[in-house]
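In the UniProt record's numbering, the protein residues as written are 1 to 1056. Cβ atoms here follow ideal geometry from the backbone N, Cα and C, with glycine treated the same way. Read through the structure below, which is laid out as structure tokens, and then see the notes.
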């Protein structure tokens, strides 16, 4: 009976619920890194804003560091073109479903206000541009017609440039059957009535819009790709699909000024997809993408910068596909500006005024995946001194690679600057090429501080392909930082750890190497870095290692005295990947674990303290041969799965029959009446003892606690394995005066075996306040053991159980990551330290210790995003980072007080936006329909007042992240998290939460005339004919702030 009472879910009090809402709340905040799969680029030269779109419909507008605006297209479709309406804070996007969208930056949010869909193959938009008056949008289609869209009303004008009329005015010598689609449209500088229209098959027409006719006709036999005006408006350039470009004079003959130039001919070349003519006082520049010889360099992604006088010639060679490029003019006309290139995997700014064309360091949009991210580690409370040292060292690293020129994107205004503090936050990322990058994650901007590379320390034994000597022509110049290929897979970083106080960095890799480096430590340049080899399987005589060999240390170590200095290297044998890492700078010890066992290393004396092999005696040769070793065949796995399924069915059938045969009514309850029961526990099959991967060490921990008796406190070393075993070692430290002279000793004190042999993910020693040990810890101590299935708290040193939570048995999910985090209220008066954990379903749970009562349950990562779940990293203040894509971190917050918001605003000049009459009409129509909906809502509330009020309260609690004790709250990733300063609801007040990577369905909140009529019909219990319902549906109007118009293939008159 006592167990029944304890198992009963107890609801928290009203005061506790109020405090939970003040402490815990889930929201997605900002994105760090480079947008995944970009598709288009745009630049506002007056407001100095940059816009980038992606394949999943995400739109990102960026200004100065800290100014970012997010938007998400409602309909499925990839954005293929972006245009800024200059100096108005407006954008126009074109999607591949032939829809146009008008976006506005209002009150710190990017909102879609109007949209239009074109239907029909002939109205597929192929080119567009904005006229100089900023009132019309010119749209070229695949059918050859050119349409005009009024930007104020976002409606089509009756004026259309028909391709048939253009063809009728052609001389007989220029007659062609079909000019093809409109490839380019450009307004003549200084003459807004003249429009240059280029067609696919080489026809170029200068159209006079004041007197609708062809003013000038130009013809090129090659297929057209791009058009570009000179600044004086008397000449223009065209590029073609054979790799050639030509210059034309509008006042002279209809032939090119010179013969078309194929710069990299005479052999067939790739198309020149885009071309710009840039005029500077030094020399005029021709900038184009493509045009490389097909036979030799068809696989290269290039942008050529060619001077008109031949002095400048460089072929910028990128490692990923070039999406688009733009030219940013210099503030002074005497020098060339900046070339901004959007590649598929990075954004690169090139200083054209620099002779070597060096890159400009970007304060954001860094390519996180220049080498694939393999691990991450968050460090809080980093002293300013260490931060400045990292920053200065990073600048010295990059001075030879980057230009001194400043980043020009400085639009917008940051409303909430990062508070000045003595500490900051760092995120360390380990990469496949052996580098560790330091990122400043204190604010919205994600700036790169420093890069530590381990590759120069080792010489690779693998065969390296010889570098092919490139010809002097064309003059290629490698540019960019994206390099997905690693010279040696053994260099990959698996674990990283940093002490913010001492500046000690520990890096563990795939080949069993552990590097110890320290800032400010003086190391002789001529001295060889000491390497200590530790054999973990020394007590196993029959062990045979069949994996790759260890890395060989180079004979000439790096001599850069301004960076981290490597003090020692620990090489484990066998050289398997490091699976667990922990360090204590106070003790001078490093604890590591691999698939074969564990080791404790004294990096001060460079001596091993203790080693233990955790391999099963039946498997001495195959454990951990590779980073993805499984040692289980598919046939065996399927056989075991079917056996478990068959066993579960038979167990369920026998138990149900037994219950039916011996069922007896409970006293005081009739059959069928609800009674309080304990949560149903799922039967979890015990894991096999002889699992070949059971000896893998999953976690290590160092703490000063009571392991043997309450009278003696000593340093301890804890390690958890894959088969549910926890080893606890006692450590004997020499006196501080003789620390560098005497050895450290350690021996096994206790061993704990979990019942179901679930992998142990973390071991943490906590004090009586249930907080991880610190200087102010209070006795007695306890130990928290977190496995994939359960959380358990034991007393120390007696190891008596105090509390546990069977997460897998109750809910079927498994734990993937755990950490302790401190949560505070907004006024900092109340704070709690709780356990946060991530499950395999992507849920983040906040639990108190030792009762394990749930404070928050949030669906953070989609369950199918395995890589995102694997990469998630918790912080000590209730935030987390996970890889939203391979190149971008999503930042989330589980705390109400620790949030990184996008608090920014765009200051627009006065009278740049005029109120449209159509908006006023739409608002009047909206208000009338909202009054009708309000009346219907009042009737509905009158009928079921009590039930609706209860539902409202529950929904409010779920949205705030509170789930009411042990019950599980809503877990819809899309519904719980609204968009951040990017709202598709137009003029509705934007929300402050983060942008969701999934496309949200906003039709749930839309109120239509159909829904109102159907609701009235349900109340009156009347039925209508199907034909009447179809008639109502065809005439329905969606009451939204987004105005949507559909343009069919026939000419129609649009509603005002």
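Take residue i and list the residues in its own chain whose beta-carbon comes closer than 8 Å to its own, dropping the five residues that flank it on each side.
i	result
residue 554	456, 457, 458, 459
residue 85	91, 92, 130, 134, 151
residue 240	202, 220, 222, 223, 224, 225, 246, 260, 271, 272
Among the options, which has the Cα closest to the Cα of residue i?
i	options	result
residue 899	350, 886, 824	824
residue 209	829, 148, 857	148
residue 263	187, 568, 286, 387	286
residue 267	86, 297, 248, 38	297
residue 815	291, 788, 792	788
residue 1059	211, 22, 246, 317	Here the chain comprises residues numbered 1 to 1056, so residue 1059 is not present and cannot be evaluated.
residue 235	910, 485, 248	248
residue 723	755, 835, 735	755
residue 884	876, 64, 863	863
residue 194	229, 600, 110, 710	229
residue 740	854, 834, 602	602
residue 424	501, 215, 804, 872	501
residue 552	533, 567, 852	533
residue 250	244, 761, 233, 807	233
residue 435	328, 421, 450	450
Helix, strand or coil for residue i per DSSP?
i	result
residue 173	helix
residue 73	coil
residue 12	coil
residue 295	helix
residue 896	coil
residue 912	coil
residue 455	helix
residue 168	helix
residue 394	helix
residue 21	helix
residue 307	strand
residue 641	helix
residue 123	helix
residue 38	strand
residue 626	Residue confidence is low: residue 626 scores 47 on pLDDT, short of 50, so the model does not pin down where it sits. Its coordinate-derived value is still stated next. Three-state DSSP puts residue 626 in coil, outside helix and strand.
residue 518	strand
residue 563	coil
residue 746	strand
So, for residue i: in the same chain, excluding its five sequence neighbours on each side, which residues have a beta-carbon less than 6 Å away from its beta-carbon?
i	result
residue 372	432
residue 989	Residue placement at residue 989 is flagged as unreliable, the pLDDT there being 38, under the threshold of 50; the coordinate-derived value follows with that caveat. Excluding residues within five positions, none has a Cβ falling inside 6 Å.
residue 903	415, 416
residue 274	226, 289
residue 410	48, 64
residue 62	50, 68
Enumerate in chain order the residues of its own chain whose CB-to-CB distance from residue i is below 7 Å, with the five nearest sequence positions on each side excluded.
i	result
residue 18	none
Between the beta-carbon of residue i and the beta-carbon of residue j, is there less than 8 Å?
i	j	result
residue 579	residue 493	no
residue 140	residue 128	yes
residue 326	residue 340	yes
residue 428	residue 506	no
residue 536	residue 599	yes
residue 770	residue 833	yes
residue 782	residue 761	no
residue 146	residue 117	no
Could you pull the DSSP bridge partners for residue i from this structure?
i	result
residue 720	699, 726
residue 1062	One cannot answer for residue 1062 here, as it falls past the ends of the chain, which runs 1 to 1056.
residue 437	429, 451
residue 281	Residue 281 is not bridged to any residue.
residue 881	873, 891
residue 358	Answer is none; residue 358 lacks a bridge partner.
residue 853	According to DSSP, which records beta bridges pairwise, residue 853 is partnered with nothing at all.
residue 817	838
residue 340	326, 349
residue 766	772, 782
Is any heavy atom of the ligand ZN found at a distance shorter than 7 Å from the C-beta of residue i?
i	result
residue 42	Although the ligand ZN was asked about, the structure shown includes no ligands whatsoever.
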